[in-house]
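Student: Here you go, one structure.
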Amino acid sequence: MSDTPFGFGLPPEEPDDGDEGKKKDPQSGGGQGPANPFGFGLPGAGGFGGPGADNPLAAMFGSLNPTDLGAAFQQLGQMLSYEGGPVNWDMAKQIARQTVSQGTADGVKDVSVGPSERTAVQEAVRLADLWLDDATSLPSGAGSAVAWSRAEWVEATLPAWKELVDPVAERVGAAMGDVLPEEMQAMAGPLIGMMRSMGGAMFGSQIGQAVGVLAGEVVGSTDIGLPLGPAGKAALLPVNIETFGKDLGVPQDEVRLYLALREAAHQRLFAHVPWLRSHLFGAVDGYARGIKVDTAKLEDVVGQFDPQNPEQLQDALQQGMFQPEDTPEQKAALARLETALALVEGWVDAVVHAAAKPRLSSADALRETLRRRRATGGPAEQTFATLIGLELRPRRLRDASRLWASLTDARGVDGRDALWAHPDMLPTAADLDDPDGFVHREQMDFSEWDKMLGEAASGGSGEQPDLKKKDAENNDDKGDDTE
């Protein structure tokens, strides 16, 4: 687990190749090197329209008369007019789109999706849904299939990012306004407001950068294990699918179909397990509530803040001002989130493999490629590490996949999928450590569960069923205790 939510204090890693991770000369208009994770350029750097334009704060304050703070606050208020929350999402969207337009490190640019690509995606999702009918009892969840460009992916997923990131940013923003004693806050009101606006702009900048980079890597709307797109809409990104399959030695149609299977499987799960989305997003929120702020360091920054040096606040943020609390509650929230995401990804992996293995000769190779992609830092790990300081453990995903496959062998497809009826029925983190123990322990009688739900819907007695009754009878017949 990272100790620096939003990635503060950890400069972004340089990629193995390409130009994105290389340090850029300030005069070349870079502004995105390791010393500048927020995307604000250094004073005098080239950028959008001339020297200093890549850093509006430096351009504003570079020639400021320190005695004219009123004018400075007015200018800053005009530039940072967003007041809708802890993150300037207008800025996040703008920077995400700009990042997408620059292309990826390997030089691949975003392109509009053509009619033939849309048709290919729709046909792949349609065929994938047919194959999945044999691998899961959950019906299709994709009401439509769409092909997105990277820019369209950014537009479609921003509402979900807002829901995920705002809880963390809210904690940080509140701390930025509460570091001064109450009697001093009235005197420092303009300064506090300015810092909050600057914090929102900086968060928006970094989040926009992260989402823009992610748009160059994802192949669908569910790559990170969360439903980022509109409900019931299976989405694939043709330009990224082509890049993903470029050196695999697998026909492009098979690559597209395998990725369509994964997208369609995610859609089934999120569509027919109504509590799952709120459970996952609630786990992120629970983790965010454990974020604490080094108020002593923040008080020092406020006391020494120089309007002529707005980068001072950014430097402070980079030095690790925000830390997760090392408490039992925070550890429990982290375990809950990691386990939930692992169970989702593990189920998808197991179901897709069952559907693809008999039909695609490349199924094993594609499965292992995706697993290696995740293990070496795929979209999920990078995004969560950057935005909320969370790193998923790939080992958990493999454990979850093995558990779901074992459940299929022991209980059948219906028995396996019935565990999604309620979060309390799902395997825990301890069960991932001992999948065989979970698979072979006392099984619930799911027909009794269905009977209870039917009675509740028809206004019946609502009597609690004995979900373990039949299994106990079976154990008596077998003469052994499987617990």
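UniProt numbering applies: residue 1 is where the sequence shown begins, and numbers increase by one.
Even for Gly, the Cβ is constructed at its ideal location relative to N, Cα and C.
Within a Cβ cutoff of 7 Å, which residues of the same chain sit near Glu-170, ignoring the five residues on either side of it in sequence?
Tutor: These residues qualify, in order along the chain: Pro-86.
Student: Let me check one thing: in DSSP terms, what residues is Val-146 bridge-paired to?
Tutor: In the DSSP output, where bridge partners are listed per residue, Val-146 has Ala-235.
Student: Please state whether the Cβ-Cβ distance between Val-211 and Ala-288 is less than 9 Å.
Tutor: Not in contact: Val-211 and Ala-288 (Cβ atoms no closer than 9 Å).
Student: On the CB-based measure, 16 or more other CB atoms within 10 Å of its CB, does residue 534 come out buried or exposed?
Tutor: The structure shown does not extend to residue 534, since the chain spans only 1 to 483, so no value can be given for it.
Student: CA-CA distance, Ala-128 and Val-165?
Tutor: The alpha-carbon atoms of Ala-128 and Val-165 are separated by roughly 32 Å.
Student: Specify whether the segment 335-351 and the segment 426-436 touch according to this definition: at least 3 beta carbon pairs, one from each stretch, less than 8 Å apart.
Tutor: Yes, the segment 335-351 touches the segment 426-436.
Student: So Ser-278 is in the alpha helix (DSSP H); what residue range does that whole segment cover?
Tutor: From DSSP, the alpha helix (DSSP H) with Ser-278 extends over 276-288.
Student: Determine whether the beta carbon atoms of Val-219 and Ile-241 lie at a separation below 9 Å.
Tutor: Going by C-beta atoms, Val-219 is nearer than 9 Å to Ile-241.
Student: Return the Cβ separation of Ala-265 and Val-348 in integer angstroms, given the expectation that the two are a contact with Cβ distance under 8 Å.
Tutor: Sure, about 5 Å apart at Cβ, within 8 Å.
Student: If you draw a straight line from the C-alpha of Phe-203 to the C-alpha of Ser-197, how long is it?
Tutor: Between Phe-203 and Ser-197, the C-alpha separation is close to 10 Å.
Student: Contact defined as beta carbons within less than 8 Å: I believe Glu-263 pairs with Ala-231. What is the distance between those atoms, to the nearest angstrom?
Tutor: Rounded, the Cβ-Cβ distance is 14 Å, inconsistent with contact.
Student: Round the Cβ separation of Ala-400 and Leu-334 to the nearest angstrom and send it over; I've been treating them as touching at under 8 Å.
Tutor: The Cβ separation is near 16 Å, so there is no contact.
Student: According to DSSP, what are the bridge partners of Gly-220?
Tutor: Answer by DSSP bridge pairing, in chain order: Leu-236.
Student: Tell me whether Asp-424 sits in a helix, a strand or coil according to DSSP, three-state version.
Tutor: If DSSP states are grouped into helix, strand and coil, Asp-424 belongs with the helices.
Student: Ignore the nearest five residues each way along the sequence and tell me which others in Ser-406's own chain have a CB closer than 8 Å to its CB.
Tutor: Correct list, in chain order: Pro-435, Asp-436, Val-439.
Student: Where Ala-410 and Val-113 are concerned, what is the direct C-alpha to C-alpha distance, given to the nearest angstrom?
Tutor: If I take the Cα positions, the gap works out to 44 Å.
Student: Mapping the DSSP letters down to three states, classify Ala-105 as helix, strand or coil.
Tutor: Three-state result, Ala-105: coil.
Student: What do you get for Gly-143, buried or exposed, if any count of 16 or more other CB atoms within 10 angstroms of its CB means buried?
Tutor: Under this definition Gly-143 is an exposed residue.
Student: Take every Cβ of the segment 132-151, pair it with every Cβ of the segment 101-117, and state whether three or more of those distances are shorter than 8 Å.
Tutor: Yes: the two stretches touch, three or more of their Cβ pairs being nearer than 8 Å.
Student: Residues in its own chain within less than 8 Å of Thr-408 by CB, not counting five upstream and five downstream?
Tutor: Only Ala-350, Ala-354, Arg-416 meet the Cβ criterion.
Student: Report the CB separation of Ala-160 from Leu-228 in whole angstroms; it is logged as a contact under 8 Å.
Tutor: Contact holds; Cβ gap of about 4 Å.
Student: Please state whether the Cβ-Cβ distance between Ala-215 and Val-121 is less than 9 Å.
Tutor: Taking 9 Å as the Cβ cut-off, Ala-215 and Val-121 do not qualify as a contacting pair.
Student: Distance check for Gly-346 and Gln-208, CA to CA, integer angstroms please.
Tutor: Looking at the sequence provided, one finds Gly at residue 208 rather than Gln. So the two alpha carbons sit approximately 29 Å from each other.
Student: Can you tell which of Asp-364, Ala-356, Val-213, Gln-330 has the C-alpha that lies nearest to the C-alpha of Gly-290?
Tutor: Taking only the C-alpha atoms, the option nearest Gly-290 is Gln-330.
Student: Smallest Cα separation from Ala-124: which of Ala-145, Ala-135, Thr-136?
Tutor: Ranking the options by Cα distance to Ala-124, first place goes to Ala-145.
Student: Distance, Cα to Cα, Pro-139 vs Ala-365?
Tutor: Whole-angstrom Cα-Cα distance: 27 Å.
Student: Which first and last residues belong to the alpha helix (DSSP H) in which Arg-374 is found?
Tutor: 363-375 is the span of the alpha helix (DSSP H), which, as asked, contains Arg-374.
Student: Pull up the distance between the alpha-carbon of Glu-254 and that of Arg-373, whole angstroms please.
Tutor: Glu-254 and Arg-373: Cα-Cα distance of roughly 18 Å.
Student: Cβ atoms of Ala-96 and Glu-117: under 9 Å apart, would you say?
Tutor: Not closer than 9 Å, so no.
Student: Could you give the distance in angstroms between the alpha-carbon of Arg-402 and the alpha-carbon of Val-352?
Tutor: Taking the straight line from one Cα to the other gives about 13 Å.
Student: Shortest alpha-carbon distance to His-279 belongs to which of Asp-424, Arg-126, Leu-132?
Tutor: Closest by alpha carbon: Asp-424.
Student: Here's the rule: buried if 16 or more other CB atoms are within 10 angstroms of the residue's CB, otherwise exposed. What is Trp-131?
Tutor: By the neighbour-count rule (16 or more Cβ atoms within 10 Å), Trp-131 is buried.
Student: Specify, as a first and last residue, the run of the alpha helix (DSSP H) that Pro-115 falls within.
Tutor: Residues 115-132.
Student: May I ask you to report which of helix, strand or coil DSSP gives Ser-112?
Tutor: It is coil, neither helix nor strand.
Student: Work out the CA separation of Ala-296 and Arg-371 for me, nearest whole Å.
Tutor: The alpha-carbon atoms of Arg-371 and Ala-296 are separated by roughly 42 Å.
Student: Do you know whose CA, among Val-250, Leu-269, Gly-249, lies nearest Ala-135's CA?
Tutor: Cα-wise, what sits closest to Ala-135 is Leu-269.
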